[in-house]
Amino acid sequence: MAQDDTRVRDQLIEAFLLADGPVSGEELSHRLGLSRTAVWKHIKALEQLGFAFEASPRVGYRAVRIPDELMAPLVRPHLPPDCLLGSPILWAESRASTNETALELAQKGLPHGAVVTAGEQTGGRGRRDRAWASPRGGMWFTVFVRNPCALRHAPDLTLLAALAVCRALRADGVPVEIKWPNDILLGGRKTGGILAQIRAEGEMVDHAVIGIGLNANFALEELPEEIRDRATTILHATGRPIDRPKALAHILAELDRLYRDLRDGRGFQAVHAEWIALCSTIGHEVEVAVGDERVRGMARSVEPDGSLVIETSPGVTRTVVSGEVLFSDREHI
Amino acid sequence: MLTMEEIRELIRLLDDSTLTELELEFEDGKVRLAKRAEVVSYAVPQVAMPVAQAAPAPAAQAAQPTANAAPAAVEDPALHVITSPMVGTFYRAPAPDAPPFVDVGSQIGPKTVVCIIEAMKLMNEIEAEVSGEIVEVLAENGQLVEYGQPLFKVRRT
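Residue numbers (the numbering used here), protein chains in the order written: chain U, 17 to 349; chain B, 416 to 572.
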């Protein structure tokens, strides 16, 4: 969809959100500077996206159903006024990958705080290019930041993103936990993942895309069969859907706070204790793939720099900065 | 000056706090304590970094960690060594079954991505920062690399 169409669509949605009752076609056409035929076309387009309107002759249109997509006009009312993240919010019905779009737009001057969202991803990717199922009903978004921190603190970006997701969802009654370094678990099963890509300039991070995917409001059956025993969705696990635009706003608000502190030199270390309390990996037997090597042992702690300490034999520990926790004694942690 | 017991107490306080360093000045001297990678700067001898690594000056307190990982000086001035800017896993390709970003003989420009270093699911796409030809790959795919570890040798053009 062209940039202009997106802008008109967002303005139109806003007009309906702000209206107390029906809005006349004439008023809409005046407000948007478009012909009434053009307004009607945009309304038809919104219906394709899940909106429903009641049209009464001589009175106008009234929105009777507003879908909970991650669109700017639906997210923004829930953002704190001083939030630096969430402007603009670029939604599309379908994208190959929100990280990919953000990286492309980064070359064209995408501003700090922009968020790229999608109704679905057709080429969602996890670590090492593994496919990440991203059907409708999930939350698929990428936060774009410029000059967030020094390169040596870059891992904080993903650790803090996991914390922001936990804070926001837990405040909404969804008891998620973190699997080191940044998977989001619900009842011990994976319900979210974070993948960050950065470009550095000398000792500084020039820009970063923080891709976050959450299995929110869709049935477990939408996920590939081979991961259904280890993955879950918020809807499946809690029996109720979450308000996605509101949840996104809350995540962005938390993340904004954490990233501002990071810029001021108070990154992961400053929230270390809170993070550890949310990390379900600690205290369990794990096997971590570090490159081609496997490190087995008891996950003892997470260091203030984010690395995982594994006790490989009594009294012998190994600290890993990279890698993936493959399994543990308690299922799915 | 402080007694050993007082210093131990300070260390315990620092350990339990979110501070990364603590500096106290007394009439007869000063004590500076810093955590982990924040190497106490005056204790570290200046290490000559290779010329090509002339990165912008890091923040004042950012003493270079693991100075011993710095590569040996390259003798041929046309040769440049691309080093790892961080600790992490070295990946030569964007995906396990994808061709490598670059190989021996590849022509590169400053913006060419030569590899990915991963730490905690953060993918750092490393740009060459020089123009030339890759003459040697110095690290194994999937290997853990240290800060400053040589990754590629480049003949500049």
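Idealized CB from N, CA, C, for every residue including glycine.
On a predicted model such as this, the values are computed, not experimentally measured, just so you know.
- From the listed residues Val304(U), Leu121(U), Tyr275(U), Leu342(U), the smallest Cα separation to Cys99(U) is found for Tyr275(U).
- By the Cβ neighbour-count rule, Glu551(B) is exposed, with fewer than 16 other Cβ atoms within 10 Å of its own.
- Secondary structure remark: continuous beta strand (DSSP E) runs of at least 3 residues inside the segment 204-245 of chain U, in chain order: 205-217, 220-230.
- Within the segment 133-157 of chain U, the residues whose Cβ lies closer than 8 angstroms to any Cβ of chain B are, in chain order, Arg143, Arg144, Asp145.
- Annotated three-state conformation of Lys568(B) is strand, per DSSP.
- In chain order, Asp172, Leu175, Gly322 place their CB closer than 6 angstroms to the CB of Phe284(U), counting only its own chain and leaving out the 5 sequence neighbours on each side.
- Between the alpha carbons of Ser296(U) and Arg279(U) lies a gap of roughly 27 angstroms.
- If you check each beta-carbon in the segment 201-231 of chain U against every beta-carbon of chain B, the ones closer than 7 angstroms belong to Ile210, Leu211, Ala212, Gln213, Ile214, Arg215, Ala216, Gly218, Glu219.
- Here DSSP, grouped into helix, strand and coil, assigns Leu100(U) to coil.
- At a Cβ-Cβ threshold of 8 angstroms, Ile210(U) and Asn233(U) do not count as neighbours.
- Following the DSSP letters along the chain, one finds Gln137(U) inside the beta strand (DSSP E) bounded by residues 131-137.
- Non-local beta-carbon contacts of Val80(U) in its own chain, meaning distances under 6 angstroms to residues more than five positions away in sequence, involve Ala68, Glu70 in chain order.
- Spatial neighbours of Arg244(U) in its own chain (CB-CB distance under 7 angstroms, excluding positions within 5 residues in sequence) are listed in chain order as Leu236.
- The beta carbon of Thr504(B) sits closer than 8 angstroms to some beta carbon of chain U.
- Interface criterion met: the Cβ of Thr174(U) is under 8 angstroms from a Cβ in chain B.
- When rounded, the separation of the alpha-carbon atoms in Glu85(U) and Pro261(U) is 6 angstroms.
- The beta carbon of Glu270(U) sits closer than 6 angstroms to the beta carbons of Ala180, Arg183, Ala184 from its chain, once the five residues preceding and following it are set aside; these are given in chain order.
- For the segment 296-313 of chain U, the set of residues with a beta-carbon nearer than 7 angstroms to any beta-carbon of chain B comprises Val306, Gly307, Asp308, in chain order.
- Among the residues facing chain B, Ser317(U) is not included, as its CB has no counterpart in that chain under 8 angstroms away.
- Nearest C-alpha to Asp20(U) among Leu34(U), Leu50(U), Asp36(U): Leu50(U).
- When CB distances to chain U are screened at a threshold of 7 angstroms, the residues of the segment 527-540 of chain B falling below it are Glu533, Ala534, Met535, Lys536, Leu537, Met538, Asn539, Glu540, in chain order.
- Put simply, of Met535(B), Tyr506(B), Gly547(B), Pro511(B) the residue whose alpha carbon is nearest the alpha carbon of Ala212(U) is Met535(B).
- Chain-order list of chain B residues neighbouring Pro197(U): Met535, Lys536, by C-beta distance under 7 angstroms.
- Cβ neighbours of Trp107(U) within its own chain (closer than 6 angstroms, five residues either side excluded): Leu86, Met87, Thr133.
- Residues Val181, Val192, Thr207, Gly208 of the same chain have their beta carbon placed closer than 6 angstroms to that of Ile200(U), with the five preceding and five following residues left out of the count.
- Rounded to the nearest whole angstrom, the CA to CA distance from Lys195(U) to Gly37(U) is 47 angstroms.
- The alpha carbon of Arg205(U) has as its nearest neighbour, out of Ile228(U), Arg246(U), Ala253(U), the alpha carbon of Arg246(U).
- Take Arg162(U), set aside five residues on each side of it, and the residues of its chain with a beta-carbon closer than 6 angstroms to its own are His128, His223, in chain order.
- Neighbours of Gly557(B) in chain U, taken as residues at a C-beta separation under 8 angstroms, are given in chain order as Gly307, Asp308.
- When DSSP states are grouped into helix, strand and coil, Glu70(U) belongs to the strand group.
- A straight-line Cα-Cα distance of about 13 angstroms links Pro83(U) and Gly154(U).
- Cα atoms of Ser72(U) and Trp56(U): separation of roughly 13 angstroms, rounded to the nearest angstrom.
- If you draw a straight line from the Cα of Val517(B) to the Cα of Arg570(B), it comes to about 14 angstroms.
- Cβ-Cβ distances below 6 angstroms link His288(U) to Pro320 in the same chain, with the five nearest sequence neighbours on each side left out; the list follows chain order.
- Excluding residues up to 5 positions away in sequence, Val192, Thr248, Ala253 lie with their Cβ nearer than 6 angstroms to the Cβ of Leu202(U) in the same chain.
- For Cys182(U), the secondary structure class from DSSP, reduced to helix, strand or coil, is helix.
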